[in-house]
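A.B. asks:
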Amino acid sequence: MKLKQSFLIALTLIIIALTSWELYWRSQGKYPNLNDDKALWAMHRANVETASKDDVIIFGSSRAYFDIQIDEWEKATGKKPIQLASPGSSPLPSFHDLVNNTSFNGTVILGVTPGLFFSTTYPGADPWSRIQTKVDHFYNRTYADRSNFWLSIPLQTNLVLMSADEELWSDDIDLKSLLRRVKIGDRTGNPQMPPFYSFGDVRLDRNMSMTKRTVQDTAFANSIIKVWSYLGKSAPPPDKKSTMAFFLEDLKKFKERNGKLILLRCPSSGGNRMGENMVFPRVDFWDDLVEQSDVPSYHFEDYDQLKDLTCPEESHLSKEDAEYFTRELAKIIIEDGIIINSKTK
Amino acid sequence: MLFNSLSFVVFLVIVLALYYSKLFNWTNKKRMLLLASYLFYAMWNPPLILLLWISTVVDWSAGKRLAIEENQRKRKLWLLLSMSINLGFLAFFKYGDFLLENFVSIANSIGLNFEAKPMGILLPMGISFYTFQTMSYTIDMYHKKTERARTFLDFALYVTFFPQLVAGPIVRAKELITQFYEPKTATTNQFLWGLFLLTLGLFQKVVMADSLLADTSDTVFDSGQLIHGIDAWVGTLAFSGQIFFDFAGYSTCAIGIALMLGIILPDNFRYPYASLGFSDLWKRWHITLSSWLRDYLYIPLGGNRHGITRMYVALMVTMLLGGLWHGAAWTFVVWGGLHGTYLILERLQRKHLPFEITKWNGIFLAFITFSCVNITWTFFRAPDFPKAWNMIKSMFYMQTDGVKILETFDIIKVCTVVGILFLCHWLMRNTSVKEVAQKTSPVFLGIVWAIMIFILCIAQGSGEQFIYFQF
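Protein sequences appear in the order of chains U and P.
The first sequence begins at 0 in numbering that gives the first Met the number 0 and counts up one residue at a time.
The second sequence begins at 0 in numbering that gives the first Met the number 0 and counts up one residue at a time.
Here it is as structure tokens:
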């Protein structure tokens, strides 16, 4: 066998093929981006183990993730928060993990997206299992998992072709995602979710910001809105009783060890907000939660500087607005004396 | 550490660089390989290296004594010590919860109100493989079929050699230890062929098993619904392809990596889905396990030396235990039992209804064998008996009101991949990848190699574990 010859031919072809593949996707507007996966979440969850009383941890769903910009928060408070919010997830499992498996007694900002916070406590349901998978990964990750993650960072941040996100975005370009786009007929007759494209860029410090395309391209933003509409219509009715009871029990334990919790309702707009107001009337859900929790709480509607912010895809703020929202929110919380600016204390 | 991970790529490059550097003599190269093998295992769970060490020390000591001890009673005791430690590890770590669960069921069925919480024991990766491998050494030493390993280093490396540590091939001492006695380096052709096999193995695992088949198989077997017959068949076919590509992929990687170091490992798969009957299947599927079970279980149980009834009993016991080796659940025992039944029926057919296999009826026979194998996979993959039974009912249309859960494209994809797999096995059944590669032009081979690497790169995979790691 002339394997040397075969090897050199393979090497040459593979360099040409991969370069062409990379250039093609870049020409289609794609750029290298970090995957927002469980390995990244677990890396930040590990920081909780050494966090002090002065630290702030953010839990919640994608709104707390997109709308609190880490750099702005750090500028305003002097301390970088630990961002543990997770898209499409209930914050209850991760807060439960914090309360029951750590001794952290600093400050927690807990984002309340009504459709997810009040969704369920059933472990198999999507809002629960999505974040529980991340929590489990933190405990179960092996040294090999950790080194795989670290080795993948330079590849993910420099190559477009490294795009196999565990979120399974419709515009991922790995083999499985490309095959998922092929549709022939409708054999199952199941309702089909509209294409769901990635609309955020995450950094290694888990700062998430909305992509420029989502802000500038209305058709693209509308494609995301269609997904919210689909998810809203297909969601089961809220389970306020169980979710509240679960949360309040953990909150009680957290308060007993002098932990500080802040409830936060981030902005939503358009049809999405109308839908939320219908299914989760403020007085029945948010106000009741605040009353029973008896903790500082911030609803964007209550502040003149926040209430008119508009979300390009009806659920999350653009990067610029998120920076503004973070600055203003930090200012309000500091003014209320809930947290202090560690640079000026 | 998984072969299909970035950590392994870095690990392998460093090991190869050290192995082929002029820094070490042969003994130090072996020490380096041993340390690398421990690191390879520790990257998963460091404390469980202790089990490997205990197994190594016990079997080395037993082997040492068996080499010089002439007293038959003492020889037996040394063998028993080795087997008790290895089988004890297996019993505790792999079957602990299973045994407890069955004990509780039996106790309750006879009216003793007994409750016990599952122990939640972590299954050490590859324990079924390395315990069987080390036991083969002491059993062979007992029967004076192999020589004692020359040094502890050679023996420790035999137990721990990283390419085949966690999922085989299960190598006999005389096949591997002797290769460690003299310095080994791969020729350029061997090294490149090893690299080609590594590529092929990864392609089988990452592209064929994980990217093309796993989702369909998971959708069907994880569904709580009573599904349509077509969906049940397609899900079973998908698993059939997935488990072949997953396990054969691992073995191909292991053989390739060892070859890059100049070490030769035995074949573990020879196109099993083109088997003509079940005796043929077990000479082609997981060959090193089947030959282990034949030599250390079937033959000691009497084999075919004590009449037909005893032979059938030995065959059935071997297959039932072979099933249990795969997993601590009764579904695996049923899987083994079905294979045992097939083997017995085949022997009865050969005795009472013999016929000649020609090239015309061969493919039909291979297809029948493949179809029967698919039925057994249902029990192997299903999480429990109700699911397995529902699948069987759906597959044979006793369940006509099943739900359609697969889209048309998934069905086409699975049927195409598994159809090509079956035909490839049929066409390759009397040859090997190497023979085919030798007849292929270097340019075409280079193109095929490049295509595999390219698809591997775009498939990426999310580092799914090999199915056989859990066994």
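Every residue gets a Cβ at the ideal spot worked out from N, C-alpha and C, and that includes glycine.
Which word fits residue 198 of chain P, buried or exposed, when buried means at least 16 other C-beta atoms lie within 10 angstroms of its C-beta?
C.D. replies: Position 199 of the second sequence, counted from the first residue, corresponds to residue 198 of chain P. Buried, since its Cβ has 16 or more Cβ neighbours within 10 Å.
A.B. asks: Quick one: is residue 59 of chain P buried, meaning 16 or more other Cβ sit within 10 Å of its Cβ, or exposed?
C.D. replies: Translated into the one-based positions of the second sequence, residue 59 of chain P becomes position 60. Result: buried.
A.B. asks: Whole angstroms is fine: what's the gap from residue 185 of chain U's alpha carbon to residue 191 of chain U's?
C.D. replies: Residue mapping note: residue 185 of chain U aligns to position 186 of the first sequence, counting from 1. Residue mapping note: residue 191 of chain U aligns to position 192 of the first sequence, counting from 1. About 9 Å.
A.B. asks: Output the residue ranges of the alpha helix (DSSP H) runs that lie fully inside the stretch 201–288 of chain P and measure 4 residues or longer, sorted by chain position.
C.D. replies: 213–220, 228–259 and 277–280
A.B. asks: So, under 8 Å CB-CB, residue 74 of chain P and residue 65 of chain P are touching, yes? Tell me the CB distance rounded to an integer number of Å.
C.D. replies: Residue 74 of chain P sits at position 75 when you count from the first residue of the second sequence. Residue 65 of chain P sits at position 66 when you count from the first residue of the second sequence. Sure, about 6 Å apart at Cβ, within 8 Å.
A.B. asks: To test your reading of the DSSP string, which unbroken beta strand (DSSP E) runs of 3 or more residues are found completely within the stretch 298–340 of chain P?
C.D. replies: none
A.B. asks: Which value, in whole angstroms, describes the spacing of the CA atoms of residue 180 of chain U and residue 169 of chain U?
C.D. replies: For the purposes of this step, residue 180 of chain U is identified with residue 181 of the first sequence, where counting begins at 1. For the purposes of this step, residue 169 of chain U is identified with residue 170 of the first sequence, where counting begins at 1. Each residue's Cα considered, the two are about 7 Å apart.
A.B. asks: Chain U beta carbons: is any one of them nearer than 8 Å to that of residue 299 of chain P?
C.D. replies: In the second sequence, residue 299 of chain P corresponds to position 300, counting from 1. Output row for residue 299 of chain P: interface = no.
A.B. asks: Which residue marks the beginning of the beta strand (DSSP E) containing residue 109 of chain U, and which one marks its end?
C.D. replies: For the purposes of this step, residue 109 of chain U is identified with residue 110 of the first sequence, where counting begins at 1. Its beta strand (DSSP E) spans residues 106–110.
A.B. asks: Can you tell me where the alpha helix (DSSP H) holding residue 175 of chain P begins and where it ends?
C.D. replies: Along the second sequence, one-based indexing puts residue 175 of chain P at 176. Annotation: the continuous alpha helix (DSSP H) that includes residue 175 of chain P extends over 172–175.
A.B. asks: Where do the ends of the beta strand (DSSP E) carrying residue 58 of chain U lie?
C.D. replies: Counting from 1 along the first sequence, the entry for residue 58 of chain U is found at position 59. It spans 55–58 - the beta strand (DSSP E) in which residue 58 of chain U sits, taken as one unbroken run.
A.B. asks: Name the DSSP bridge partner or partners of residue 261 of chain U?
C.D. replies: One-based indexing of the first sequence puts residue 261 of chain U at position 262. U:108, per the DSSP bridge assignment.
A.B. asks: Could you tell me which residues DSSP puts in a beta bridge with residue 402 of chain P?
C.D. replies: Translated into the one-based positions of the second sequence, residue 402 of chain P becomes position 403. According to DSSP, which records beta bridges pairwise, residue 402 of chain P is partnered with P:226.
A.B. asks: Would you grab the beta carbon distance between residue 259 of chain P and residue 185 of chain P for me? Rounded to a whole angstrom, and I think it's under 8 Å.
C.D. replies: Taking the first residue of the second sequence as 1, we reach residue 259 of chain P at position 260. Taking the first residue of the second sequence as 1, we reach residue 185 of chain P at position 186. With a Cβ gap of about 6 Å, residue 259 of chain P and residue 185 of chain P count as contacting.
A.B. asks: Mind checking which residues open and close the alpha helix (DSSP H) that includes residue 128 of chain U?
C.D. replies: Your numbering for residue 128 of chain U matches position 129 in the first sequence. Start and end: 125–139.
A.B. asks: Can you tell which of P:165, P:118 and P:26 has its C-alpha closest to the C-alpha of residue 47 of chain P?
C.D. replies: Position 48 of the second sequence, counting from 1, holds the residue named residue 47 of chain P. Taking only the C-alpha atoms, the option nearest residue 47 of chain P is P:165.
A.B. asks: With C-beta atoms as the reference, is residue 373 of chain U less than 8 Å away from residue 69 of chain U?
C.D. replies: This structure leaves residue 373 of chain U out entirely; chain U is present only between 0 and 344.
A.B. asks: Give the single residue among U:107, U:14 and U:62 whose Cα lies nearest to the Cα of residue 54 of chain U.
C.D. replies: Counted from its first residue, the first sequence places residue 54 of chain U at position 55. Comparing Cα-Cα distances from residue 54 of chain U to each of U:107, U:14 and U:62, the minimum goes to U:107.
A.B. asks: Note down the Cα distance separating residue 289 of chain P from residue 26 of chain P, rounded to an integer number of angstroms.
C.D. replies: Here the question's residue 289 of chain P lines up with position 290 in the second sequence. Here the question's residue 26 of chain P lines up with position 27 in the second sequence. Those two C-alpha atoms are separated by around 33 Å.
A.B. asks: Using a threshold of 8 Å, state whether the C-beta atoms of residue 174 of chain U and residue 210 of chain P are closer than that.
C.D. replies: Numbered from 1 along the first sequence, position 175 holds the residue referred to as residue 174 of chain U. Numbered from 1 along the second sequence, position 211 holds the residue referred to as residue 210 of chain P. Yes. Within cutoff.
A.B. asks: Run down chain P in chain order and give the residues with a C-beta less than 8 Å from the C-beta of residue 30 of chain U.
C.D. replies: Here residue 30 of chain U is taken as the residue at index 31 of the first sequence, counted from 1. When 8 Å is used as the limit between beta carbons, residue 30 of chain U is near no residue of chain P, the shortest such separation being about 17 Å.
A.B. asks: Residues of chain U with a CB under 9 Å from the CB of residue 458 of chain P: which are they?
C.D. replies: Within the second sequence, numbered from 1, the residue matching residue 458 of chain P stands at position 459. Simply 163, 173, 174 and 175.
A.B. asks: Can a CB atom of chain P be found closer than 8 Å to the CB of residue 41 of chain U?
C.D. replies: What you label residue 41 of chain U is simply residue 42 of the first sequence in a count that begins at 1. No, residue 41 of chain U lies away from the interface with chain P (no Cβ there is under 8 Å from its Cβ).
A.B. asks: Alpha carbon to alpha carbon, how far is residue 204 of chain P from residue 248 of chain P?
C.D. replies: Mapped onto the second sequence, residue 204 of chain P falls at position 205. Mapped onto the second sequence, residue 248 of chain P falls at position 249. When rounded, the distance between both Cα atoms is 5 Å.
A.B. asks: Taking the straight line between their C-alpha atoms, what separation do you get for residue 253 of chain P and residue 122 of chain U?
C.D. replies: Within the second sequence, the letter at position 254 stands for residue 253 of chain P. Within the first sequence, the letter at position 123 stands for residue 122 of chain U. Annotation: residue 253 of chain P to residue 122 of chain U spans about 38 Å, alpha carbon to alpha carbon.
A.B. asks: In angstroms with no decimal places, state the Cα-to-Cα distance between residue 378 of chain P and residue 179 of chain P.
C.D. replies: Translated into the one-based positions of the second sequence, residue 378 of chain P becomes position 379. Translated into the one-based positions of the second sequence, residue 179 of chain P becomes position 180. When rounded, the distance between both Cα atoms is 41 Å.
A.B. asks: Go through the stretch 135–211 of chain U residue by residue and report every complete run of the alpha helix (DSSP H) that reaches 4 residues or more, in order.
C.D. replies: 142–157 and 174–179
A.B. asks: For residue 445 of chain P and chain U, any beta-carbon pair shorter than 8 Å?
C.D. replies: For the purposes of this step, residue 445 of chain P is taken as residue 446 along the second sequence, with counting starting at 1. Interface residue, yes.
A.B. asks: Based on the DSSP secondary-structure assignment, which residues constitute the bridge partners of residue 297 of chain U?
C.D. replies: Here residue 297 of chain U corresponds to residue number 298 of the first sequence, with the count starting at 1. Looking at the DSSP assignment, residue 297 of chain U forms a beta bridge with U:263.
A.B. asks: Just to confirm before moving on: does the CB-CB distance between residue 54 of chain P and residue 84 of chain P stay below 8 Å?
C.D. replies: Taking the second sequence and counting its residues from 1, one reaches residue 54 of chain P at position 55. Taking the second sequence and counting its residues from 1, one reaches residue 84 of chain P at position 85. In this structure, residue 84 of chain P lies closer than 8 Å to residue 54 of chain P by Cβ.
A.B. asks: Going by DSSP, which residues form a beta bridge with residue 81 of chain U?
C.D. replies: If you number the first sequence from 1, residue 81 of chain U lands on position 82. For residue 81 of chain U, which the question treats as bridged, DSSP gives the partners U:56.
A.B. asks: Less than 8 Å between the beta carbons of residue 9 of chain P and residue 17 of chain U, yes or no?
C.D. replies: Counting from one through the second sequence, the residue named residue 9 of chain P turns up at place 10. Counting from one through the first sequence, the residue named residue 17 of chain U turns up at place 18. Going by C-beta atoms, residue 9 of chain P is not nearer than 8 Å to residue 17 of chain U.
A.B. asks: Would you mind stating whether residue 50 of chain P and residue 31 of chain P have Cβ atoms separated by less than 8 Å?
C.D. replies: Taking the second sequence and counting its residues from 1, the one referred to as residue 50 of chain P is at position 51. Taking the second sequence and counting its residues from 1, the one referred to as residue 31 of chain P is at position 32. Not closer than 8 Å, so no.
A.B. asks: Output yes if chain U places a C-beta closer than 8 Å to the C-beta of residue 449 of chain P; else output no.
C.D. replies: If you number the second sequence from 1, residue 449 of chain P lands on position 450. Judged by the 8 Å Cβ criterion, residue 449 of chain P is in contact with chain U.
A.B. asks: List the residues of chain P whose Cβ lies closer than 8 Å to the Cβ of residue 195 of chain U, in chain order.
C.D. replies: If you number the first sequence from 1, residue 195 of chain U lands on position 196. In chain order: nothing, as chain P lies at least about 17 Å away.
A.B. asks: Would you mind working out which of P:129, P:206 and P:162 sits nearest residue 459 of chain P, comparing C-alpha positions?
C.D. replies: Working through the second sequence from its first residue, we reach residue 459 of chain P at position 460. For residue 459 of chain P, the closest alpha carbon among the candidates P:129, P:206 and P:162 is that of P:206.
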